[in-house]
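Trainee: What follows is a single structure, and I will ask about it in a moment.
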Amino acid sequence: MPQTSASHSPSSILTIGSGEKLQEPSFFLENIPGNRVGRPVHGNDDEAEYTSKELWHQVKSVVRTIEREDGVPIFDDTIQQKPYTDENKLICWHFDHSINRSVKGLNLLNCIYQASDVSVPVAYELVRKPILFCDRQTRRVKRKSEVSKNQLLRQMLRTCQQNRLRYRYVLADSWFSAKENLLFIRQDLKKHFIVALKSNRTVALSPQDKAHGRFVRIDTLDWSAPTPVTAWIKGLPFPVLLHRCIFTNKDDSTGILYLACSDLDPHEDALETIYQKRWKVEVFHKTLKSHAALAKSRTKRVRTQSNHVFMALYAAFSLEWLHIKQRMNPFALRSKLYLKAIRHAFEELQKLKAA
């Protein structure tokens, strides 16, 4: 991996909205000769795959500049459909909860660190399914993973802890609110969480109810008061704050979101404000798919496919840096880059015609 330079020119220091100085990273491809740009993706047969460790090596300098105690690691997964690519342990069938059915593609679990209005990918894992088995009901060969996504999430959190990432709350949606994750965050890492819960999650409203096994669904609680409710989620030894958010969807329908926070101090406005930061990971996934060409990998080998994901993640990080530096959104940045490339190509064409 290329080493980042220890010295930086004055032009490489940028002031962001909060007034903090942000040091420009030494970009990955800037240190690679032109005839070797394709090597990070294709490489040689004996070269290993790029992993989350290499991504952290590239983004660490920026993270160290922006990180704060109120920064948050945000976890979410996304599926990039690849219907025409040959199936392997990486490109296979995954259940997409956004459309409620299984699709063929790659499943990417991301951890985005958000602080000072900057979002940086700090860890990722690709869901791999190397185990083949026969489904007795359908009599079809299927694949399964050696580890669950919840186990991958805990592994990524452990890595963030080893990298001394500064944060107070972990944010995740209801798909990652398993009790094992919540116990790990609170008891092993000594951190707090704010997660969404499904409406059928059961809680006890007092230590006595918990001791006698009297648990009720959270959607049956009395939510007439606007203040959060202190309760004990089934399977957790510590109390949490429960809060119900009511919001309006784009189609004017009403939605309900249940939040659980292990920190008993915040009020409802603080809970909603902090959890709203989770939307940053959705924006990052949109950048990955729309502007970093996550799907544009016509490859068949697992190592090449995974290296393409690494480069797409790094490209999305680079776009985030340019977004801060140029104060332009990714759509405008891409249009500007494309326009300059087309102009340069047209100028070269005119030179060839005149020769």
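For the sequence shown, this note's numbering puts the final residue at 1502, and the numbers step up evenly by one.
Each residue gets a CB set at the ideal place from its N, CA and C atoms; glycine is no exception.
Give the straight-line distance between the Cα atoms of E1293 and V1274, rounded to the nearest whole angstrom.
Mentor: Locating residue 1293 in the sequence shown gives position 146, counting from the first residue. Locating residue 1274 in the sequence shown gives position 127, counting from the first residue. Going from the Cα of E1293 to the Cα of V1274 covers about 9 angstroms.
Trainee: What is the residue span of the alpha helix (DSSP H) that Y1485 lies within?
Mentor: Here residue 1485 is taken as the residue at index 338 of the sequence shown, counted from 1. Here the alpha helix (DSSP H) through Y1485 covers P1477 to A1501.
Trainee: CA-CA distance, D1356 and D1243?
Mentor: Walking along the sequence shown from the start, residue 1356 turns up at place 209. Walking along the sequence shown from the start, residue 1243 turns up at place 96. Their backbone Cα atoms lie some 36 angstroms apart in a straight line.
Trainee: Starting from F1464 and walking both ways along the beta strand (DSSP E), at which residues does that stretch end?
Mentor: Position 317 of the sequence shown, counted from the first residue, corresponds to residue 1464. Run containing F1464: none in the beta strand (DSSP E); it sits in the alpha helix (DSSP H), V1449 to Q1473.
Trainee: In the DSSP assignment, the beta strand (DSSP E) including Y1422 goes from what residue to what residue?
Mentor: Your numbering for residue 1422 matches position 275 in the sequence shown. From DSSP, Y1422 is part of no beta strand (DSSP E) but of the alpha helix (DSSP H) over E1415 to Y1422.
Trainee: For D1366, collect the residues of the same chain with a Cβ closer than 6 angstroms to its Cβ; drop the 5 residues on either side in sequence, then sort them by chain order.
Mentor: For the purposes of this step, residue 1366 is taken as residue 219 along the sequence shown, with counting starting at 1. Correct list, in chain order: S1346.
Trainee: How is N1247 classed by DSSP in three states: helix, strand or coil?
Mentor: For the purposes of this step, residue 1247 is identified with residue 100 of the sequence shown, where counting begins at 1. The answer is coil: DSSP assigns N1247 none of H, G, I, E or B.
Trainee: Taking three-plus beta-carbon pairs below 8 angstroms as touching, is the stretch 1367 to 1374 in contact with the stretch 1432 to 1443?
Mentor: No, they do not touch.
Trainee: Of the choices R1215, K1236 and L1499, whose alpha-carbon is the least far from that of K1291?
Mentor: Indexing the sequence shown from 1 puts residue 1291 at position 144. Considering only alpha carbons, the answer is K1236.
Trainee: List, from N- to C-terminal side, the alpha helix (DSSP H) runs of 4 residues or more that fit wholly inside the stretch 1315 to 1393.
Mentor: Fully enclosed alpha helix (DSSP H) runs of 4 or longer: 1326 to 1330 and 1354 to 1358.
Trainee: Near F1457, what residues of its chain come up, given a Cβ to Cβ distance below 6 angstroms and the 5 sequence neighbours on each side ignored?
Mentor: What you label residue 1457 is simply residue 310 of the sequence shown in a count that begins at 1. Contacts found: Y1197.
Trainee: Should R1301 go down as buried or exposed, given a rule of 16 or more other Cβ atoms within 10 Å for buried?
Mentor: The residue given as residue 1301 occupies position 154 in the sequence shown. Buried, by the Cβ-count rule.
Trainee: Reducing DSSP to helix, strand and coil, say where K1289 ends up.
Mentor: Within the sequence shown, numbered from 1, the residue matching residue 1289 stands at position 142. It is a strand residue.
Trainee: Would V1206 pass as a contact of V1267 if the rule is Cβ separation under 8 angstroms?
Mentor: The sequence position of residue 1206 within the sequence shown is 59, counting from 1. The sequence position of residue 1267 within the sequence shown is 120, counting from 1. Yes; because the gap between Cβ atoms is below 8 angstroms, this pair is in contact.
Trainee: Below 7 angstroms CB to CB, which residues in the same chain sit around L1279 once its five sequence neighbours on both sides are set aside?
Mentor: As a working mapping, residue 1279 is identified with position 132 in the sequence shown. Result list for L1279: V1288 and R1290, in chain order.
Trainee: If we ignore side chains and look at the alpha-carbon of each, how far apart do E1494 and A1501 end up?
Mentor: Your numbering for residue 1494 matches position 347 in the sequence shown. Your numbering for residue 1501 matches position 354 in the sequence shown. The alpha-carbon atoms of E1494 and A1501 are separated by roughly 11 angstroms.
Trainee: Let me know the secondary structure DSSP gives S1266 once reduced to three states.
Mentor: The residue you call residue 1266 lines up with position 119 of the sequence shown. Correct three-state label for S1266: strand.
Trainee: Looking at the structure shown, is I1278 part of a helix, part of a strand, or coil, going by DSSP?
Mentor: Within the sequence shown, residue 1278 is the residue found at index 131, counting from 1. Strand, per DSSP.
Trainee: I need the boundaries of the alpha helix (DSSP H) containing T1306, first residue and last residue.
Mentor: Stepping through the sequence shown from its first residue, residue 1306 is reached at position 159. It spans K1296 to Q1309 - the alpha helix (DSSP H) in which T1306 sits, taken as one unbroken run.
Trainee: In its own chain, which residues sit with a C-beta less than 7 angstroms from the C-beta of K1337, not counting the 5 before and 5 after it?
Mentor: Residue 1337 sits at position 190 when you count from the first residue of the sequence shown. Excluding positions up to five away in sequence, the list is empty.
Trainee: My output table needs one value for H1241: the three-state DSSP class, helix, strand or coil.
Mentor: Here residue 1241 is taken as the residue at index 94 of the sequence shown, counted from 1. H1241: strand per DSSP, three-state reduction.
Trainee: Could you give the first and the last residue of the continuous beta strand (DSSP E) run that contains Q1228?
Mentor: Mapped onto the sequence shown, residue 1228 falls at position 81. Where Q1228 is concerned, the enclosing beta strand (DSSP E) stretches over V1219 to Q1228.
Trainee: What separation, rounded to the nearest whole angstrom, lies between the Cα atoms of G1402 and I1393?
Mentor: Numbered from 1 along the sequence shown, position 255 holds the residue referred to as residue 1402. Numbered from 1 along the sequence shown, position 246 holds the residue referred to as residue 1393. Between G1402 and I1393, the C-alpha separation is close to 6 angstroms.
Trainee: Roughly how many whole angstroms lie between the Cα atoms of A1195 and N1254?
Mentor: Start at 1 with the first residue of the sequence shown, and residue 1195 comes out as number 48. Start at 1 with the first residue of the sequence shown, and residue 1254 comes out as number 107. Distance between the alpha carbons of A1195 and N1254 is about 20 angstroms.
Trainee: Do you know offhand how far R1183's Cα is from N1454's?
Mentor: For the purposes of this step, residue 1183 is identified with residue 36 of the sequence shown, where counting begins at 1. For the purposes of this step, residue 1454 is identified with residue 307 of the sequence shown, where counting begins at 1. Model confidence at R1183 stands at a pLDDT of 40, short of 50, so the residue's coordinates are unreliable; what they give is reported in the following sentence. Roughly 14 angstroms separates the two Cα atoms.
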